[in-house]
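Trainee:
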Amino acid sequence: MSALALIKTLHLLGFAGCLGASAAKNLLLRRDEIRDGLLRRLLLLDRISGLSAVVIALSGLTMMLWLAKPTEIYLYSVLFWIKIGLFIAASAAVVSTKPMLRRAARTAVLRPKRTARAALAFDLSALVVLAVLGWLVAGHGG
């Protein structure tokens, strides 16, 4: 397996981890109260999405700078910059839920607020759009 194929695989696995964890977190947050095993699952999913986001960022940077197309192609692509901005906004939305999750870990109960639900719903929606943008930036859109 070439270095590019390995990095692309890591990038896709990171994306799959983020998407799956985000979808599962959104399902859990539909409840009025989360405790015990479900709270532990939510905290684990949060760790998975965080690690997956790091994998996406590092593998994406590696492809952009060294392994895929010439860096200039990315730097002058409007779609690429929209993708980067959306990734940052989605990551910020997830980070905004960290205090709530830390509090829930201490108190062993989570009563999700509307703002946390909205932040994580935005994250999930952004991930779907990021998938399309990534596909287009990779050159599959026409």
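Position 63 of the sequence shown, counting from 1, maps to 62 under numbering that gives the first Met the number 0, and the rest follow consecutively.
Note that the Cβ used here is the ideal one computed from N, Cα and C, for glycine as well.
Starting from the Cα of Glu32, find the closest Cα among Asp122, Ser124 and Arg113 and give me that residue.
Mentor: Taking only the C-alpha atoms, the option nearest Glu32 is Arg113.
Trainee: Helix, strand or coil: how does DSSP classify Arg102 here?
Mentor: Helix.
Trainee: Provide the residue span of the alpha helix (DSSP H) that contains Glu71, from first to last.
Mentor: Per DSSP, Glu71 belongs to the alpha helix (DSSP H) from Thr70 to Leu74.
Trainee: Per DSSP, what kind of secondary structure is Leu109 in: helix, strand or coil?
Mentor: Three-state result, Leu109: strand.
Trainee: For Ala92, which option in Leu123, Arg101 and Ser76 has the closest C-alpha, if you only look at C-alpha atoms?
Mentor: If we check each option's Cα against that of Ala92, Leu123 comes out closest.
Trainee: DSSP on Arg29, reduced to helix/strand/coil?
Mentor: Coil at Arg29, not helix or strand.
Trainee: Verify whether the separation of the beta carbon atoms of Ala120 and Leu38 is less than 8 Å.
Mentor: No, the Cβ-Cβ distance between Ala120 and Leu38 is not below 8 Å.
Trainee: Which one of Leu3, Leu27, Leu44 and Lys7 has the shortest CA to CA distance from Gly16?
Mentor: Cα-wise, what sits closest to Gly16 is Leu44.
Trainee: Roughly how many angstroms separate the alpha carbons of Leu126 and Asp35, rounded to a whole number?
Mentor: So the two alpha carbons sit approximately 28 Å from each other.
Trainee: If we count the other Cβ atoms within 10 Å of its Cβ and call it buried at 16 or more, is Ala137 buried or exposed?
Mentor: So Ala137 counts as exposed.
Trainee: Going by DSSP, what residue range makes up the alpha helix (DSSP H) through Val54?
Mentor: Asp35 to Thr61 is the extent of the alpha helix (DSSP H) around Val54.
Trainee: I'd like to know whether the C-beta atoms of Ser48 and Ala20 end up nearer to each other than 8 Å.
Mentor: Cβ atoms of Ser48 and Ala20: closer than 8 Å.
Trainee: Taking Cβ positions, are Gly13 and Lys82 nearer each other than 8 Å?
Mentor: Not in contact: Gly13 and Lys82 (Cβ atoms no closer than 8 Å).
Trainee: Mind reading off the beta-carbon distance from Ser58 to Leu9? Whole number of angstroms is fine, and I expect it under 8 Å.
Mentor: Confirmed, Cβ separation roughly 5 Å.
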